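These protein sequences, in sequence, are chains A and B.
Here our numbering = 1-based position in the first sequence + 579.
Here our numbering = 1-based position in the second sequence + 19.
Ideal Cβ placement from N, Cα and C applies to all residues, glycine included.
For clarity, every value in this text was computed on a predicted model and none was experimentally measured.
Report on one structure; see the data block that follows.
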Amino acid sequence: MENVSLFVTCLIDAFRPDAAKAAVRVLERRGCSVEFPQQQTCCGQFSFNAGYQDEAALLAKHWVEAFEETSGPIVALSGSCAGMVVHSYPDLLHKWVLRHDGTEAEAESWRSRAQSVANRVYELTQWLTSLDSSGAESGDIDHSVPFVYHLGCHMRRLLRATTEAQSVMAPQGVELIEPEEADQCCGFGGTYSMAEPVVSTALADAKWKQVGCRAQESGAWGLVGTDMGCLLHLQGRASRQHNSFPVLYLSELLDLVDEGRLSPEVVNQYGGWQDGRNSSR
Amino acid sequence: MGGGKMAGILPVDTRPWPERRDEALANQTMRTTISLTTRRLQAGQLKVFSDYPEAEEARQRAILDKRAAIKDMDHLLEQFSQAVHEHGGHVHLARTAPDAVKLVRAIAEDSKVRRVVKTKSMVTEEIELNRGLIEDGIEVLETDLGEYIIQRAGEKPSHILAPAAHKNREEVLRLFERDASQSGIEPPPDDDAKTLTQYARRRLRQEFLRADMGITGGNFLVAETGSVVLITNEGNADLVTTLPRVLVSVVGVEKIIADWQALQNIIQQPALNGVGQRLSSYTTIVSGPTGGDAAEGPQKWHVVLLDNGRTGLRGTEYEDVLSCIRCGACLNVCPVFRQVGGNAYGSVYSGPIGVVETPLLTEGTILAEMPMMACTMCHACVDACPMDIDLPAHILSLREENVEKHAGSFSTRQTYRWWARWWATPTGYQRSLRMARAGQRFYMRDGMLRTAPGLAKGWFQSRNMPPVAKETFHEWWKRTHEEGGDRHE
C-alpha cells in the first residue's frame with residue numbers, strides 16, 4: 580500500500596471537483612492510500628506567468644509548507660501545475676529571498692526545501708505508469724475505444740511526459756490519439772487567456788479544428804486531457820459556440836472504465852455544461 | 020536593462036497591438052500561407068536532426084563557441100578589424116542605427132554610387148538603410164528572392180529567415196506582372212514556383228551588372244582571418260560581393276566568432292534549424308577587395324559593425340540573446356506567430372526572439388507590451404532554438420520588469436496582490452471561493468458563467484465557464500473524510 584498525497588489544483592477544486600473525486604477512486608483501486616493535505620490552495624502559476632513574481636512566491640512558499648508536512652509521492656492533477664513546482668519553484672524562491680534582502684544561505688535553504696518537495700511530485704499519469712500494475716488486468720483487447728488526447732505544453736515540455744497517458748489508457752482498451760499539430764498550444768496560457776483573449780481564442784479555434792478532424796476520422800467519443808486549464812478553455816469556447824463534444828479529465832475517463840460504465844451515452848454527458856455537471860455525483 | 024550603454028533604435032509600427040493583431044487575423048491568405056510555411060520548416064528541422072545524428076554534436080559545440088565569443092567580443096572584434104585592414108578593407112563601428120546609415124550614405128556619396136544591389140540582411144532592415152539611400156537618389160534593389168518580393172510589395176519582412184513567408188504564389192505573380200509592365204519586359208507566364216524564380220533571376224541578372232555598390236549583411240564574422248561569411252540558398256551573395264566596384268557589409272557585432280574551427284560547427288546551424296538542410300546551398304566568404312590576397316572582387320570593401328543596443332546586453336541575464344543566428348526556428352514553432360504572422364509584431368524582429376530582443380535593444384522604449392501579448396508560455400521556442408536561448412525565461416523577466424515599472428493598470432496590480440494574499444492562506448482561499456459562489460448567480464445564464472468583472476472579463480468575450488461547484492473538493496473531503504463524516508457520501 581503506497582501512501583500518496585493529492586494535489587488537486589485550484590481549478591479542479593473549484594470548477595471540477597468530480598475529476599479529483601474520480602482520481603481518488605482510481606488511485607485507491609490501484610492500491611494507493613490517498614491523503615489530501617487540506618492546507619493546499621494554488622501553485623501560483625497564474626501570477627508567475629503574468630510577471631508577478633512576489634505574488635507567485637507567496638503562493639509557492641505556502642504550497643511548499645503545505646506539502647512539506649507530507650511524505651511520499653505527491654500526485655498532481657495537472658501537468659502544468661506539476662511543471663510549475665518542478666521547473667520553477669526552486670529558482671523562484673531563491674530569487675525571492677535575495678530580492679527581499681535575505682542572505683544567500685536563506686535563499687539556498689528555500690531553494691533546497693522547494694527542490695526536495697518537487698522531487699516527490701508526479702503528474703497523475705506519471706504516477707500511474709510508475710505503479711507495477713497500472714490497473715486492472717488488461718486481458719485481450721480486440722478493439723479500443725478512441726478518444727482525442729490533448730497533451731498540455733508544460734506536461735510535454737517541462738515534464739517530458741509525452742506517452743504516459745497513452746500507456747495508462749491503452750491496457751484499459753482506450754486509445755488516445757493526438758490531433759494534427761498537437762504540439763501547438765491551445766491558447767490557454769493562464770492569465771494569457773484573459774489578458775489577450777483574441778489570440779487565445781484564435782488558438783482555441785485552431786485546436787478545435789484539429790480535434791474535430793481527428794475525431795471525425797477516428798470516431799473518437801470525446802476529448803480527454805490532463806490539464807484542467809486547457810480543458811476549461813477549450814470547453815468554454817465550445818460551449819459558447821454550442822458545440823457539445825464531450826470533454827473529460829483523464830481521471831474521469833479512467834474511472835468510467837474501472838466502473839465498467841464507459842459507453843457513448845455516459846460520455847456524452849460530459850458535453851456541454853447546461854445541466855451543471857459539477858454536482859452530478 | 021542594459022546598464023550604461025547606449026540604447027538601440029529600431030523601426031516600429033506605431034499602431035497599437037490590437038490594431039496590428041486584428042489586421043493580421045483578418046488576413047486569411049497570410050494566415051494560411053504562414054501556417055503552411057512554418058509547418059514545413061519545422062518538419063524540416065525535426066527530420067534533418069533525426070537523419071543526421073552528428074548535427075546534435077555540432078550544435079552543442081556551436082553553442083559553446085558562440086557563448087565564448089560573446090564573452091571575448093572586444094578582443095575578437097579588435098582582431099577582426101586588424102585582419103580586415105591588413106587585407107585592404109575598412110572597418111567602421113556604428114553605435115546606433117542612424118550612425119550606421121550615415122556611414123553607408125557617406126561611403127556611397129564618396130564613391131558616387133547610383134545603383135545598389137543587396138543581399139538579404141536583417142540588420143539593414145533594422146537600420147532602415149534602404150530608405151536612407153533612396154533619399155539620396157540611389158536606386159536600391161534587393162536580390163534575395165523573398166526580399167525582392169516584399170520590396171515589390173513595399174512591405175517589411177514577415178519572418179526573419181523567409182521574408183515573404185506570408186505571400187502565396189498568386190500574390191507573387193501579381194507583383195511580378197506589375198513589375199514587368201513597369202519595366203517593359205515579359206511577365207512570368209504562370210504562378211509556378213519555378214517560373215516565378217526564373218523571372219526574378221532573369222530580371223536581377225541585368226541589375227547585378229549595372230550596380231556600382233553591393234551591400235551585404237553577414238551571418239558570421241571570423242576574427243582569425245577578418246572574413247565576413249554569408250550563406251544563401253540562391254547564390255545571389257556571390258554576385259553582390261564580386262560584381263559591383265564598392266562593397267559594404269553591415270553586420271551586428273554579435274556575429275563574431277573566433278576562428279574557422281568554430282565556423283565549421285555554427286555555419287551548419289541556420290540551414291539545419293531554419294530550413295532542415297545540412298548546409299545552405301551557397302557559402303560566400305569575403306576577406307578583402309581585389310589587389311590584396313583576393314583575385315577578384317570589389318575595389319573597395321567597407322565593414323560597418325553595428326552595436327545598436329547589443330553590447331548593453333553583455334553581462335546581463337539576457338546575454339544569450341546575442342547568440343541568435345536568425346534561423347527562425349522559434350518563429351516556426353510559436354503558436355502565436357502561426358496565427359498572426361511576423362508583421363503584427365510591429366518590429367523587424369518578430370516571433371519569440373523578436374518580442375524579447377526588440378524591447379531589450381531599445382531599453383524598453385518600444386514594444387514593451389509584446390512579451391505579454393504574444394506569448395502563451397508554451398515553451399516551444401526554447402525547445403526549437405539551436406542556440407539554447409532561454410526565451411520563456413526572458414519573456415517572464417520582461418513581464419516582471421513591466422510589472423515593476425508599473426506599466427500595468429493600478430487595478431490589475433491590486434487584483435494580483437490581493438489574489439496572492441488571500442490564496443496564500445487556506446482560510447482566505449476557501450472564503451474567496453465561497454464568496455465567488457455566492458456572487459456568481461448574477462453572472463450566470465443556463466447554468467454557466469457568461470461574464471465576470473475585473474481581470475476575468477477577457478475570458479468571457481469568447482468563452483463560457485462553469486460556476487464554482489456547489490461543493491468544492493476541499494469541502495467534499497472535509498465532509499467525507501473528517502471525523503463523523505460519511506466516507507462514502
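Residues of chain B with CB under 7 Å from A:Pro776, in chain order? Gly477, Trp478, Gln480, Ser481
Starting from the beta carbon of A:Leu782, find every residue of chain B whose beta carbon is closer than 8 Å, and list them in chain order. Pro354, Val355, Gln358, Thr395
Anticipated Cβ contact below 8 Å, B:Tyr435 with A:Tyr631, distance rounded: 5 Å
At a CB-CB cut-off below 8 Å, which residues of chain A make contact with B:Asn421? Gly630
Could you list which residues in chain A have their beta carbon closer than 7 Å to that of B:Tyr462, in chain order? What B:Tyr462 touches in chain A: nothing, since even the nearest Cβ is about 14 Å away.
Have a look at A:Ser659 and A:Leu730 and give me their C-alpha separation to the nearest angstrom. 10 Å
Is there at least one Cβ from chain A nearer than 7 Å to B:Arg453's Cβ? no
Sequence-distant residues of its chain with Cβ nearer than 8 Å to B:Leu152 (five each side left out): Val123, Arg124, Ala127, Val135, Val159
Less than 7 Å between CB atoms is the rule here; does A:Asp592 satisfy it with respect to chain B? yes
Alpha-carbon spacing of A:Glu775 relative to B:Thr309, whole angstroms: 55 Å
With 7 Å as the limit, tell me which residues of the stretch 388-414 of chain B have their beta carbon closer than that to any beta carbon of chain A; keep them in chain order. Met391, Met392, Thr395, Met396, Cys397, His398, Ala399, Asp402
Under 7 Å Cβ to Cβ from B:Tyr71, same chain only, skipping five residues before and after it: list those, please. Arg297
So, does the stretch 734-743 of chain A touch the stretch 440-455 of chain B, judging by three or more C-beta pairs under 8 Å? no
Kindly say whether B:Ala488, judged by its beta-carbon, lies nearer than 7 Å to any beta-carbon of chain E. Judged by its chain identifiers, the structure shown contains no chain E, and its protein chains are A and B.
Taking only beta-carbon atoms, is A:Ile653 less than 7 Å away from chain B? no
How would you label B:Leu148, buried or exposed, when you count the other beta carbons within 10 angstroms and need 16 or more for buried? buried
Under 9 Å Cβ-Cβ, which residues of chain A neighbour B:Leu474? Thr770, Met773, Ala774
Could you tell me if A:Arg739 is buried or exposed, where buried requires 16 or more neighbouring beta carbons within 10 angstroms of its beta carbon? exposed
So what's A:Ala794 in DSSP terms, helix, strand or just coil? helix
To which residues of the same chain is B:Thr57 closer than 6 Å at the C-beta, ignoring the five residues directly before and after it? Asn351, Arg357
Say whether chain A places a C-beta atom closer than 7 Å to the C-beta of B:Arg12. Absent from the structure is residue 12 of chain B, since the part of chain B shown begins at 20 and ends at 508.
Would you mind working out which of B:Asp211, B:Gln283, B:Asp91, B:Lys139 sits nearest B:Ala77, comparing C-alpha positions? B:Gln283
Mind checking which residues open and close the alpha helix (DSSP H) that includes B:Val359? 354-359
Spatial neighbours of A:Gly714 in its chain, beta-carbon cut-off 7 Å, leaving aside the 5 residues before and after: Here the model assigns A:Gly714 a pLDDT of 47, short of 50, so the residue's position is not dependable, and the following value carries that caveat. Hits under 7 Å: Arg609, Pro750, Gln751.
Note down, in chain order, every chain B residue with its Cβ under 8 Å from the Cβ of A:Asp762. Val352, Ala399
For A:Phe615, name the three-state secondary structure that DSSP assigns. coil
Contacting positions in the stretch 801-823 of chain A - beta carbon closer than 7 Å to chain B: Leu811, His812, Gly815, Arg816, Ser818, Arg819
For B:Arg436, go through chain A and note every residue whose CB falls closer than 7 Å to its CB, in chain order. Glu634
DSSP state of B:Met396 mapped onto helix, strand, coil: coil
Inter-residue spacing [alpha-carbon to alpha-carbon] between B:Arg264 and B:Glu166: 23 Å
Are there 16 or more other CB atoms within 10 angstroms of the CB of B:Glu509, so buried, or fewer, so exposed? This structure cannot settle anything about residue 509 of chain B, because the visible part of chain B is limited to 20 through 508.
By the three-class DSSP mapping on this structure, what secondary structure does A:Tyr539 have? Absent from the model: residue 539 of chain A. The displayed extent of chain A is 580 to 860, so no value can be given.
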